[in-house]
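To start, the structure under review is shown below, and the notes come after it.
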Amino acid sequence: MRQEHIERLAEIETECFSTPWSDESLAAELSNPLAVFLVALCDGEIAGYVGMTQVIDEGYLANLAVTERFRRRGVAKALLDELICLAKENDLSFITLEVRRSNEVARRLYENFDFDEVGVRPDFYVNPVEDAILMTRIF
Ligand SMILES: CC(C)(COP(=O)(O)OP(=O)(O)OC[C@H]1O[C@@H](n2cnc3c(N)ncnc32)[C@H](O)[C@@H]1OP(=O)(O)O)[C@@H](O)C(=O)NCCC(=O)NCCS
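In terms of the working numbering, the sequence shown opens at residue 19 and continues consecutively.
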């Protein structure tokens, strides 16, 4: 992820989430040494992105979003493939994430990448209030 991607990624956040990351939050990750943020480009256009924070040997996947027009073309798969490659290169022990209980598409995607459901955070999300399912892939 580079500065030139930030404005469009903030728009994609707004399109995809009820509590989107702002331009400022995304830009702050550019100088965060613990952040691994990858942008998918299709024919030069920003299709989506994934963001992870690494703390020692732990990965926390914070964001994954693909804009509507580019969905169902394997963009999220490509982003996760690359992120998992980097996680292995960096000797992470696991990647963990939270996903809304009702987000069946994302839950299926993560399952296909060998993330297991390991817990629930009740009422974790707001707008609307909903449980988070905790999913973890151990390497
Ligand atoms: C979830 C999301 C990132 C998937 O992006 P995508 O680029 O369309 O996903 P892909 O094309 O790589 O699909 C990967 C797999 O996900 C699953 N999947 C994706 N979209 C799906 C849909 N509409 N219905 C059912 N399964 C779906 C399938 O298992 C698919 O594999 P397949 O095509 O071989 O069946 C995208 O729908 C999105 O941005 N949603 C809104 C934001 C969000 O929910 N992010 C996750 C927060 S934790």
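Where a beta carbon is used, it is the ideal one built from N, C-alpha and C, also for glycine. Model, not experiment: these values are computed from the prediction.
Setting aside the 5 residues that flank it on each side, residue 23 is surrounded in the same chain by 57, 64, each with a C-beta closer than 7 Å to its C-beta; the list follows chain order. If you draw a straight line from the Cα of residue 105 to the Cα of residue 77, it is about 7 Å long.
Within the DSSP secondary-structure output, residue 66 pairs in a beta bridge with 58, 84. Under the three-state reduction of DSSP, residue 109 is assigned to coil, being neither helix nor strand.
For residue 30, the enclosing alpha helix (DSSP H) begins and ends at 24 to 34. With a 10 Å radius around the Cβ and a threshold of 16 neighbouring Cβ atoms, residue 85 comes out buried. The DSSP-derived three-state label of residue 52 is coil.
Membership of residue 125 in the alpha helix (DSSP H) is indicated by the continuous run 122 to 130. In this structure residue 75 touches residue 109 by the C-beta definition: roughly 6 Å separates them, less than 8 Å.
Residue 137 counts as exposed, since fewer than 16 other C-beta atoms from the protein chains shown sit within 10 angstroms of its C-beta. Shortest gap from the CB of residue 95 to any heavy atom of ligand 1: under 7 Å.
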